[in-house]
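Accompanying notes for the structure given below.
Residue numbers (the working numbering): 1 to 126.
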């Protein structure tokens, strides 16, 4: 099993999980580092191509391709993602543009607490 087993649906599922967790948490969860040169670009958002490919393998066939289990680059990850119809941008240094929106459970809880406090203060000051 390898990158050839990665499907378009698997990539889209990995991207969705990355959006949900946030880029940093996604990489940390699966043991990947920042992209060195290649990023998947989808809907004006940028994703670490190797991390997406490794997790896409999990969604495609049920096994994670760990970071040390395959090499990233033009002839591997970028080639496979492009073959699946995705845009992959390359360069010697990746620039980090718009980040993937991140809403965590803790953030939602904090926002709810703030809303409750605001309502309580409004009620007591009336």
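We put the beta carbon where it would ideally sit given N, CA and C, even for glycine.
Being a predicted model, the structure only gives us computed values, none of them experimental.
Review point. By how many angstroms is the C-alpha of residue 10 removed from the C-alpha of residue 2?
Key: As a first step, residue 2 must be located in the chain shown, where it is residue number 2. As a first step, residue 10 must be located in the chain shown, where it is residue number 10. Near 13 angstroms, if we compare the C-alpha coordinates of residue 10 and residue 2.
Practice item. Return the CA-CA distance between residue 64 and residue 43, expressed in angstroms with no decimal places. Key: For the purposes of this step, residue 64 is taken as residue 64 along the chain shown, with counting starting at 1. For the purposes of this step, residue 43 is taken as residue 43 along the chain shown, with counting starting at 1. Between residue 64 and residue 43, the C-alpha separation is close to 25 angstroms.
**Study point:** Same chain, Cβ closer than 6 angstroms to residue 82, neighbours up to 5 away in sequence not counted
**Key:** Looking up residue 82 in the chain shown gives position 82. Around residue 82: 88.
Point to revise | Residue environment, residue 16, which counts as buried when at least 16 other CB atoms sit within 10 Å | key: Your numbering for residue 16 matches position 16 in the chain shown. It counts as exposed.
Review point. For residue 18, does the count of other Cβ atoms within 10 angstroms reach 16, so buried, or fall short, so exposed?
Key: Taking the first residue of the chain shown as 1, we reach residue 18 at position 18. When all chains shown are included, residue 18 counts as buried.
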